[in-house]
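**Student:** Sending over a structure as structure tokens; questions will come in a sec.
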């Protein structure tokens, strides 16, 4: 019994000392790990299998509304105009043989329906004209629109001037030629337009013996044109 107590007393301090040493070593290892944030790693393990797909998460909360952007530049105002396509509008008046021998006044008239106020009228007379006299003379053929000559921009006219006849032969030159009087007139309102062809005198010259439409067809052609 005394031997057992002696051995127990000898071994017990040794055991206590070993445990204290192990505890101190673990404490130093823990302090080293905390200080340097490192730990010794063992060999990697086998790769695990993929897990099952997760379920949809809870919807997130709405974000903060964005700020207003910078004010843009003022745009241009564009007005679309839808107009009907232009349709031809013309008229012809013809006479087989006017054979009109007046020197002053209206020769013929043709009534035309003008569709638009912002359009122009093209007028044309074609027919035989003649002037004769024993001395110098001049005659003027011109158009009127509702009784007035064109002012947009100027009258539509043509003249024939004859210097002299043949007094030594007791006769005068008498030549009938097919001639034209043509032009454009603007500023005429829409509606009915009486287009007339007239004959008159030239300024500062005596009147002669005029003839219009002798022995041939005469025409007045009127056409409305876009500006």
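Numbering (mature numbering (1 follows the signal peptide of the UniProt record, and there is no 0)), first residue to last: -17 to -1, 1 to 210. The beta carbon of each residue, even a glycine, is placed where N, CA and C say it ideally should be. What you are looking at is a predicted structure, and each value in this text was computed from that prediction instead of being measured.
(1) Is it buried or exposed for residue 97, if we count other Cβ within 10 angstroms and need 16 for buried?
(2) Rounded to whole angstroms, what is the Cα-Cα separation between residue 74 and residue 119?
(3) Give every residue of the same chain whose Cβ lies closer than 6 Å to the Cβ of residue 91, excluding the five residues on either side of it in the sequence, and list them in chain order.
(4) At which residues does the beta strand (DSSP E) containing residue 213 begin and terminate?
(5) According to the neighbour-count rule (16 or more other Cβ atoms, all chains shown, within 10 Å of its Cβ), is residue 83 buried or exposed?
(6) Do residue 196 and residue 111 have their C-beta atoms closer together than 8 Å?
(7) Taking only the alpha-carbon atoms, compute the straight-line gap between residue 168 and residue 122 and give it to the nearest angstrom.
(8) For the pair the region 172 to 179 and the region 128 to 139, tell me if three or more CB-CB distances fall below 8 Å.
(9) Beta-carbon within less than 6 Å of residue 184's beta-carbon, same chain only, minus the 5 sequence neighbours each way: which residues are those?
(10) Taking all protein chains shown into account, do 16 or more other C-beta atoms lie within 10 angstroms of the C-beta of residue 124, making it buried, or fewer, making it exposed?
(11) Answer yes or no: do residue 139 and residue 166 have a C-beta to C-beta separation smaller than 8 Å?
(12) Given that a residue counts as buried once 16 or more other Cβ atoms are within 10 Å of its Cβ, and exposed if not, what is residue 48?
**Tutor:** So, from the data block:
(1) buried
(2) 37 Å
(3) 180
(4) Outside the displayed span of the chain (-17 to 210) sits residue 213, for which this structure offers no information.
(5) buried
(6) yes
(7) 22 Å
(8) yes
(9) 190
(10) buried
(11) yes
(12) exposed
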